[in-house]
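J.: Here the protein sequences line up with chains F and S, keeping their order. For the first sequence, UniProt numbering begins at 1 and goes up steadily by one. For the second sequence, UniProt numbering begins at 1 and goes up steadily by one. Quick reminder that beta carbons are idealized off the backbone N, C-alpha and C, glycines included. In this text the structure is predicted, and so the values were computed from the model without any measurement. Structure incoming, see below.
Protein chains: 2
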Amino acid sequence: MDDDKVFKALADPNRRMLLDRLCERNGQTLGQLCDGIDMKRQSVTQHLGLLEQANLISTVRRGREKLHYINPVPLYEVYERWIRKFEESRLSLLHDLKQELEGKER
Amino acid sequence: MDDDKVFKALADPNRRMLLDRLCERNGQTLGQLCDGIDMKRQSVTQHLGLLEQANLISTVRRGREKLHYINPVPLYEVYERWIRKFEESRLSLLHDLKQELEGKER
DNA sequence: CCAATATGCAGGTATCTTACTGCATGTCAA
DNA sequence: TTGACATGCAGTAAGATACCTGCATATTGG
């Protein structure tokens, strides 16, 4: 997995919105994803392209349509690599901070 | 929490590296964080500033030094809001995709 | 106090990002 | 086949980002 592409893909609110909409209803076409959005189709295409490069979505051609599906695997890997790591050390980190501050007072 | 700031802060590899180093040893000064990095101190300051705005780190002044501590809370909120959501629907998403493809064949 | 150290702030520039317009290609249905 | 529809691709301008240099400020130890 390319960490960087995943994080960069998630860094844009429009792209997160697209993921949200796909989570509501999976397998939407480009046209459907453009509905009710204040953005040109071509821009949406660009965003979807970045999401696909980050492997956050997969696409399937069906005739002249292109269906978009979420792929949650990279998100899980981000969780494993980043979130869980810091989560586990939460208590000890706060403990460090407390010690440091107390050390200063003495 | 400001979703956007957190994601944007995590979108840069240098900032993720800084978080990593703080995870190794919490409470480092700016100078320590600059050690062994091919980047000017002022650039590191900028990155740390973004991380602090995203509430991913907290700082404490101690005399002329500034100590940096990780704050894992926003990461956990990102997990709650983003990762878990997609993780839960993983199986059903693949199921949708399968059905869609089968539907096409008929 | 003074020199060394640690950090802050201003600004400049090259690059990346985002959204756009315009046109091209491919597919369906009558 | 042809017109309508769905998407692809190229080029561009405005804005954001990342890194730098140069100088200013604040703290410590002797």
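Per DSSP, which one or two residues make a beta bridge with residue 118 (chain S)?
T.: The structure shown does not extend to residue 118 (chain S), since chain S is modelled only from 1 to 106, so the question has no answer here.
J.: Going straight from the alpha carbon of Lys66 (chain F) to that of Phe7 (chain S), what length do you get?
T.: Cα to Cα, Lys66 (chain F) sits roughly 28 angstroms from Phe7 (chain S).
J.: Comparing C-alpha positions only, which one of S:Ile83, S:Arg84, S:Glu77 and S:Leu19 sits nearest to Ile70 (chain S)?
T.: It is S:Leu19 whose Cα lies nearest to the Cα of Ile70 (chain S).
J.: Buried or exposed: where does Gly27 (chain S) fall if 16 or more other Cβ atoms within 10 Å of its Cβ makes it buried?
T.: Buried: at least 16 other Cβ atoms inside 10 Å.
J.: Does the beta-carbon distance from Met1 (chain F) to Glu77 (chain F) come in below 8 angstroms?
T.: Result yes, Cβ atoms of Met1 (chain F) and Glu77 (chain F) sit closer than 8 angstroms.
J.: Does Ile83 (chain S) come within less than 8 angstroms of chain F when only Cβ atoms are used?
T.: Taking Cβ atoms only, chain F reaches closer than 8 angstroms to Ile83 (chain S), which makes this a yes.
J.: Quick check: is the beta carbon of Ile57 (chain F) nearer than 8 angstroms to any beta carbon in chain S?
T.: No - not a single Cβ of chain S is within 8 angstroms of the one on Ile57 (chain F).
J.: Any beta-carbon of chain S closer than 8 angstroms to the one on Asp4 (chain F)?
T.: Yes, contact with chain S.
J.: Do Asp3 (chain F) and Arg84 (chain F) have their C-beta atoms within less than 8 angstroms of each other?
T.: Against a cut-off of 8 angstroms, the Cβ pair of Arg84 (chain F) and Asp3 (chain F) comes out as no contact.
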